Amino acid sequence: MGAFRQDLRYGLRMLIKNPGFTIVAVITLSLGIGANTAIFSVLNAALLKPLPYDRPEQLLGLRSNQSVPDLADVRAWSRSFSEIGGVVLQPLDYTGGVEPQQIPVGHVTGGYFDALGVKAVFGRTLTHTDDQPGAPMAVVLSDQIWQQLFNRDPNILGKSLQLSGNNYSIVGVMPATFESPREKVRLWVAVNVSNPLAAAQRGVHFLRSYARLKDGVTMQQASEEMRLLDKRLADAFPSENKTRRTILEPLLDRIVGDTSTTLWVLFGAVSLVLLIACANFANLLLARSVTRHQEMTIRAALGAGKFRLIQLILTESIILSMVGGLVGLILAQWGIDLLLAIKPRELPRLDSISLDFRVLGFTFLISILTGIIFGLAPAWSGRHVNLNEALKEGERGAQGTARHRMRNALVVFEMAMALVLLIGAGLLIKSFWHLRSVSPGFNSSDLVTMRIELPEKRYKEIPKQIQYRQAMLTEVNSLPRVQAALVSELPLSGEALNHDFTRESWTLPVGEEPSVETRSIEGDYFRAMRIPILTGRGFNAQDNESAPLVGIINETLAKQYFRNEDPIGKRVRWARDEQVNWITIIGIAGDVRHFGLDLPEAPALYTPYQQSGREWKRWMTLVARNEGSPADLMRAVKIAIHKIDPQLPITNARTMTEVMSESYAERRFNMLLLVIFAALAMILAGVGIYGVMSYMVAYRTHEIGIRMALGAQVRDVLSMVMTDGAKLALLGLGIGLIGAFAVTRALRSLLFGVSATDSVTFISVSLILLGVAFLACWIPARRAAAVDPMIALRYE
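Each residue of the sequence shown is one higher than the one before, counting from 3 in this note's numbering.
In structure tokens:
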């Protein structure tokens with residue numbers, strides 16, 4: 003222990019005496035360790051931290067949405083679940099503030115909170131007693147709303163909160179740490195009380211559902227029982243459940259979804275950056291061991307054994323790696339701030355990113371392992387010291403050759419790893435470029451959108467809804483050079499309302515009718531969005547509530563269900579409606595990407611709002627086009643809307659360009675991170691090959707002097723150095739190409755419109771890295787060519 007303390011003090015003194023070497027080594031390691039710590043903190047928050055619920059290993063998510071009656075039957079029939087609950091996110095209006103606003107509200111079944119195993123910090127949660135038709139209206143507050151609306155009033159219980167014109171009694175406040183599994187919710191109400199019409203319908207599958215296993219029950223047993231329950235529901239209610247299948251999965255998997263694959267890919271990529279940084283670090287230590295060769299020889303002469311010499315070198319290596327880890331933590335915090343700034347909103351659980359004990363332990367572990375593993379190379383190479391040869395030859399001889407080979411091997415490794423990362427980044431860039439070039443089916447420029455939902459209490463009757471929509475559109479369209487219209491579900495929003503439908507000539511069994519997305523519109527929506535009408539006509543003022551029902555289908559529906567027929571004049575209707583109401587097709591509209599630019603359009607049917615016949619269909623998105631400033635247009639439209647109803651909240655006000663940008667935000671996030679890692683790897687690899695070639699020039703200065711004294715020309719020296727560098731670079735590129743062919747297959751789920759083995763990307767990226775290597779070799783080569791033969795001949 004005394005020897006270790008002595009080595010520690012000596013190592014610190016030596017590193018302080020050599021600030022240039024120390025700073026370069028620490029920066030190299032801190033870049034690799036900092037990047038790894040930042041990404042590991044994301045991985046930790048999303049995948050490794052336990053869910054903030056009681057015994058989270060017992061929680062399951064149901065992959066398909068459920069209806070309230072179906073969920074009640076599953077709860078009554080199941081022997082595997084101790085509790086099961088569901089939630090649907092539906093905002094409610096709050097008008098008690100300075101401006102009307104919509105608050106995201108979770109409409110839950112009575113078993114929701116018990117299934118998650120959470121308690122209120124004040125009062126209680128909602129129970130099955132609260133979730134009965136006609137029960138008193140009760141609401142549970144989030145900690146955020148308790149602070150925002152009530153300034154943490156400790157006497158909040160029993161007070162009233164008005165939402166969408168209804169008075170709800172506050173019965174509880176949730177802890178600040180509680181979040182719904184997948185929904186950004188600030189209030190919770192009972193679904194059978196807040197939305198009794200939809201809750202009563204078995205065919206309205208809108209609940210995201212979560213179940214808690216009984217003690218001793220496995221997920222496999224519960225899945226088998228769920229399969230039987232699906233069959234029982236299908237037999238009992240074929241029109242609503244004949245084709246439905248419910249898949250159970252661990253709740254964490256349900257929350258994270260495909261994001262886990264992306265995060266592991268990014269962690270693998272940043273691990274390669276760390277390995278490249280460590281290879282550079284090992285090369286620095288090897289170069290430093292040359293300058294200390296005679297020191298080690300003298301120590302050996304004074305009786306130091308080989309293990310004592312190894313301990314000394316390893317101690318210095320560990321000091322450097324630990325300092326690099328500390329600096330890396332600072333860089334990691336900056337990196338986390340950057341990640342939070344550019345992350346897409348859809349990435350789950352990232353709000354809990356922090357440098358917790360698990361992240362700090364990870365940083366300490368990789369720091370200490372880096373110091374030990376990559377410090378072993380110079381330590382091991384210096385364990386044997388031949389006193390006579392060492393004092394005469396310095397670095398030359400067998401040990402110098404071994405070190406030289408080790409440096410070359412490390413550079414080849416760096417080039418190979420950098421190429422793998424650069425090819426991965428190149429594939430994502432090309433994929434993102436292809437995605438950006440996909441036409442969404444409409445023109446997004448000069449277009450603003452905003453979400454409006456009519457409060458049920460004031461707009462329950464369809465005539466009132468029609469009157470408001472017409473008055474609001476008239477007011478907005480009266481603005482200078484504005485084209486405005488309404489649509490129920492905005493393109494690229496990911497929102498959809500599906501109905502099963504049938505054609506006039508079909509005789510399909512109940513429950514086997516195909517599903518179609520339904521979109522209600524009002525005003526000249528297709529003109530405002532620049533969606534082409536391919537055949538037939540658009541809607542006009544005569545297509546109102548008293549006229550025969552009409553519809554416009556999209557191109558996908560026409561191709562899929564009418565094939566070679568002309569759909570114009572054909573009739574369709576909603577399957578299993580109590581009243582048979584035929585809808586005559588009057589036009590075919592162009593396809594619109596609804597769920598993402600990387601996903602094909604589904605069959606869709608547009609109908610006029612006036613003919614929807616659904617009193618609960620009170621939501622709409624306004625789209626308005628004007629060639630002026632989007633901010634000015636948005637301000638003018640809001641003023642026009644509030645002229646009709648000043649108490650109406652307006653949400654999601656944004657440009658259509660922003661909507662498109664958000665639709666591919668996750669792909670852009672993945673691409674940016676991999677590009678950053680690849681650029682860092684390329685820089686480190688360039689620095690690595692530059693360092694090795696510079697050392698090689700210094701090592702062979704005497705030889706170069708002899709060659710030039712014997713008549714070698716400048717171009718000969720340049721050629722010699724560049725050839726040596728090219729051999730290392732080409733060997734690294736060859737190994738890297740083999741690795742890239744194997745590794746890029748893991749990127750397939752992240753690619754769009756490009757193969758994982760795209761030859762253009764492989765070749766172009768290889769040439770770029772080869773160019774970097776060429777530049778890294780050129781400077782040492784020029785220095786070698788400028789050597790004075792007389793000075794070189796005296797060089798040792």
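Don't be surprised by glycine CBs; every beta carbon is placed ideally from N, CA and C.
No experiment lies behind these values; they were computed from the predicted model shown.
Distances from the CA of Gln562 to each of Ile585, Pro516, Gln544, Asp260 were compared; the closest alpha carbon is that of Pro516.
Counting every other CB atom within 10 Å of its CB across the protein chains shown gives Lys729 a total below 16, marking it as exposed. Cβ atoms of Met684 and Ala279 stay farther apart than 8 angstroms, at about 13 angstroms.
Following the DSSP letters along the chain, one finds Leu62 inside the beta strand (DSSP E) bounded by residues 61-68. Within the DSSP secondary-structure output, Leu488 pairs in a beta bridge with Glu524, Leu624. If you draw a straight line from the Cα of Arg77 to the Cα of Glu85, it is about 7 angstroms long. Under a 10 Å Cβ-count criterion, Arg409 is classified as buried, with 16 or more other Cβ atoms of the shown protein chains found around its own Cβ.
Distance from the CA of Ile585 to the CA of Phe743, rounded to the nearest whole angstrom, comes to 54 angstroms.
Ala591 has Ile535, Asn556 as its beta-bridge partners, per DSSP.
Ile570 is the residue among Ala498, Ala549, Ile570, Phe444 whose C-alpha sits nearest the C-alpha of Arg505. With contacts defined by Cβ atoms closer than 8 angstroms, Arg57 and Gly119 form a contacting pair.
The straight-line gap separating the alpha-carbon atoms of Gln581 and Arg575 is approximately 10 angstroms. Taking C-alpha positions only, Ser354 is separated from Gly513 by approximately 43 angstroms. Here Pro252 is bridged, per DSSP, to Leu62. For Arg256, same chain residues with a beta-carbon under 6 angstroms away, outside a window of 5 residues either side, are Gly63 in chain order.
Pairing Ala758 with Leu429 gives a Cβ-Cβ distance under 8 angstroms. In this structure, the straight-line span from the alpha carbon of Leu753 to that of Pro511 is close to 40 angstroms. When C-alpha distances from Gln104 are compared across Tyr96, Val110, Thr111, the shortest belongs to Tyr96. Sequence-distant partners of Pro350 (beyond 5 residues in either direction) whose C-beta falls short of 8 angstroms from its own C-beta, in its chain, are Ala48, Arg184, Ile257, Val258, Gly259, Thr261. Within the same chain, and ignoring the five residues on either side of Leu277 in sequence, the residues whose Cβ sits closer than 7 angstroms to its Cβ are Met419.
Looking at the backbone, the Cα of Gly113 and that of Gly88 are separated by about 8 angstroms. In this structure Lys216 is in contact with Phe83, their Cβ atoms being roughly 7 angstroms apart against a cut-off of 8 angstroms. Counting only residues of its own chain and dropping the five nearest sequence neighbours on each side, Thr659 has a CB closer than 6 angstroms to the CB of Ser446.
Counting only runs of at least 4 residues, the segment 619-672 fully encloses the following alpha helix (DSSP H) elements, listed from N- to C-terminal order: 632-646, 658-665. In the DSSP assignment, the residues bridged to Thr609 are Ser522. The three-state secondary structure of Ile368, taken from DSSP, is helix. Sixteen is the threshold: since fewer than 16 other Cβ atoms of the shown chains lie within 10 Å of the Cβ of Gln146, the residue is exposed. Assigned with DSSP and collapsed to three states, Ala577 falls in coil, not helix or strand. Ser665 is a Cβ neighbour of Leu494, given a cutoff of 8 angstroms. Between Arg453 and the set Thr129, Gln150, Val173, Ala626, the nearest pair of CA atoms involves Ala626. Collapsing the DSSP output to three states places Asn566 in coil. For Thr365, the closest alpha carbon among the candidates Leu254, Ala543, Ile344, Ile332 is that of Ile332. Residue environment: Gln92 is assigned as buried (16 or more neighbouring CB atoms within 10 Å of its CB, all protein chains considered). Between Asn546 and Lys640, the alpha-carbon positions lie close to 26 angstroms from each other.
The three-state reading of DSSP puts Ala192 in strand, counting E and B together. Taking each of Met695, Tyr470, Leu650, Leu128 in turn and checking the Cα distance to Arg407, the smallest one comes out for Met695.
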